[in-house]
Amino acid sequence: MKSLAVFVAFALLCSFVRAQVTSEDTLRTSINGGASSLQVAANFSVSNQISQLNISVTKTISGNEYTITSEVTSGPMLVLGGSSFILQLDVNLNDSTGQGLINFSGRQMTITGGFYSGPSFSSANYLFTMSNTAIIIDSGTFTASKILNMSSGRLNLTGGLFTGSSQ
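Reading the sequence shown from the start, the letters are residues -19 to -1, 1 to 148 in mature numbering (1 follows the signal peptide of the UniProt record, and there is no 0).
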């Protein structure tokens, strides 16, 4: 009986740290709040940059059945960081404006799948800009004129499909 109570308490606790993301507002709230697992459950657009530089936990954004499209017109869609922050991605992200998807300065970012695309025109910005971090790319499809800009850190690339394009 005691183990059942522990299991129920654990299941209840886990349900509070998983967030269903269906809009810009729920994405912003989930990133800024305590959710460690963000499950994308709808196609939606982000019009205003989401910035959080004091994240101290691991956050996983998954749900590659749907696409988040960046319509941010100044800077990347997500600016995320924190000295012990780990970001794990398996999601579809589209940069429709050429401003970039993610500026990351945490401890580690791991991409295990998903599609990451940007404009085919020669944008001045990269899909991903990172500094002082470890990047692990196990899988995923990346298509843009500029994909990755990294200043100091470590890149471990074991998979993925990268297609640079410009017109």
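In this text, a Cβ means the ideal position worked out from N, Cα and C, and glycines have one as well.
Practice task
Hey, could you find the ends of the alpha helix (DSSP H) residue 78 is sitting in?
Solution key: Along the sequence shown, read from residue 1 onward, the residue named residue 78 stands at position 97. Premise fails: residue 78 is in no alpha helix (DSSP H) and is neither H nor E.
Handout entry: Close-in-space but distant-in-sequence residues of the same chain around residue 100 (CB under 8 angstroms, 5 per side omitted)
Key = Position 119 of the sequence shown, counted from the first residue, corresponds to residue 100. Answer for residue 100: 76, 77, 78, 79, 125, 126, listed in chain order.
Exercise for the section: Excluding the 5 residues preceding and the 5 following residue 131 in the sequence, name in chain order all residues of the same chain whose CB lies nearer than 6 angstroms to its CB. Expected result: Taking the sequence shown and counting its residues from 1, one reaches residue 131 at position 150. Once the five neighbours on either side are set aside, the close Cβ partners of residue 131 are 111.
Exercise for the section: Please report how far the alpha carbon of residue 45 lies from the alpha carbon of residue 114, in whole angstroms. Expected result: Residue 45 sits at position 64 when you count from the first residue of the sequence shown. Residue 114 sits at position 133 when you count from the first residue of the sequence shown. Here the C-alpha atom of residue 45 lies approximately 24 angstroms from the C-alpha atom of residue 114.
Handout entry: Best match in 92, 102, 10 for proximity to residue 109 [C-alpha to C-alpha]
Key = Counting from one through the sequence shown, the residue named residue 109 turns up at place 128. The option with the nearest alpha carbon to residue 109 is 92.
Exercise for the section: Give the DSSP-derived three-state secondary structure of residue 29 in the structure shown. Expected result: Here residue 29 is taken as the residue at index 48 of the sequence shown, counted from 1. Of the three classes helix, strand and coil, the one that applies to residue 29 here is coil, per DSSP.
Practice task
Could you check if residue 138 is buried or exposed, using at least 16 other CB atoms within 10 Å of its CB as the buried criterion?
Solution key: Indexing the sequence shown from 1 puts residue 138 at position 157. Exposed is the call here.
Handout entry: Distance CB(residue 145)-CB(residue 107) smaller than 8 angstroms
Key = For the purposes of this step, residue 145 is identified with residue 164 of the sequence shown, where counting begins at 1. For the purposes of this step, residue 107 is identified with residue 126 of the sequence shown, where counting begins at 1. No.
Handout entry: Check whether residue 87 and residue 66 have beta carbons under 8 angstroms apart
Key = Counted from its first residue, the sequence shown places residue 87 at position 106. Counted from its first residue, the sequence shown places residue 66 at position 85. Yes. Within cutoff.
Exercise for the section: State the DSSP-derived secondary structure class of residue -7, mapped to helix, strand or coil. Expected result: The residue you call residue -7 lines up with position 13 of the sequence shown. Because residue -7 sits at a pLDDT of 48, beneath the cut-off of 50, its placement in the model cannot be relied upon, and the following sentence gives the value as read from the coordinates. Reduced to three states, the DSSP call for residue -7 is helix.
Handout entry: Close-in-space but distant-in-sequence residues of the same chain around residue 64 (CB under 8 angstroms, 5 per side omitted)
Key = Against the sequence shown, residue 64 aligns to sequence position 83. Taken in chain order, the residues that qualify are 37, 87, 88.
Practice task
Let me know the secondary structure DSSP gives residue 71 once reduced to three states.
Solution key: Reading the sequence shown from its first residue, position 90 is the one you call residue 71. Here residue 71 sits in strand by DSSP.
Problem - As assigned by DSSP and simplified to three states, the class of residue 24 - result: As a first step, residue 24 is located in the sequence shown; it is residue number 43 there, counting from the start. In this structure, residue 24 counts as coil in the three-state DSSP scheme.
Problem - Host alpha helix (DSSP H) of residue 10 (start-end) - result: Here residue 10 is taken as the residue at index 29 of the sequence shown, counted from 1. 5 to 13 is the extent of the alpha helix (DSSP H) around residue 10.
Problem - Whole-angstrom C-beta distance between residue 47 and residue 16, which should lie under 8 angstroms - result: Here residue 16 refers to the residue found at position 35 when the sequence shown is read from its first residue. Here residue 47 refers to the residue found at position 66 when the sequence shown is read from its first residue. Contact annotation, residue 16 with residue 47: C-beta distance approximately 17 angstroms; criterion of less than 8 angstroms not satisfied.
Handout entry: Residue from 43, 26, 1 whose Cα sits closest to the Cα of residue 69
Key = Residue 69 sits at position 88 when you count from the first residue of the sequence shown. Closest option to residue 69, Cα to Cα, is 43.
Practice task
Return the bridge partner residues of residue 47 from the DSSP annotation.
Solution key: Locating residue 47 in the sequence shown gives position 66, where the first residue counts as 1. Paired residue(s): none; residue 47 is not in a bridge.
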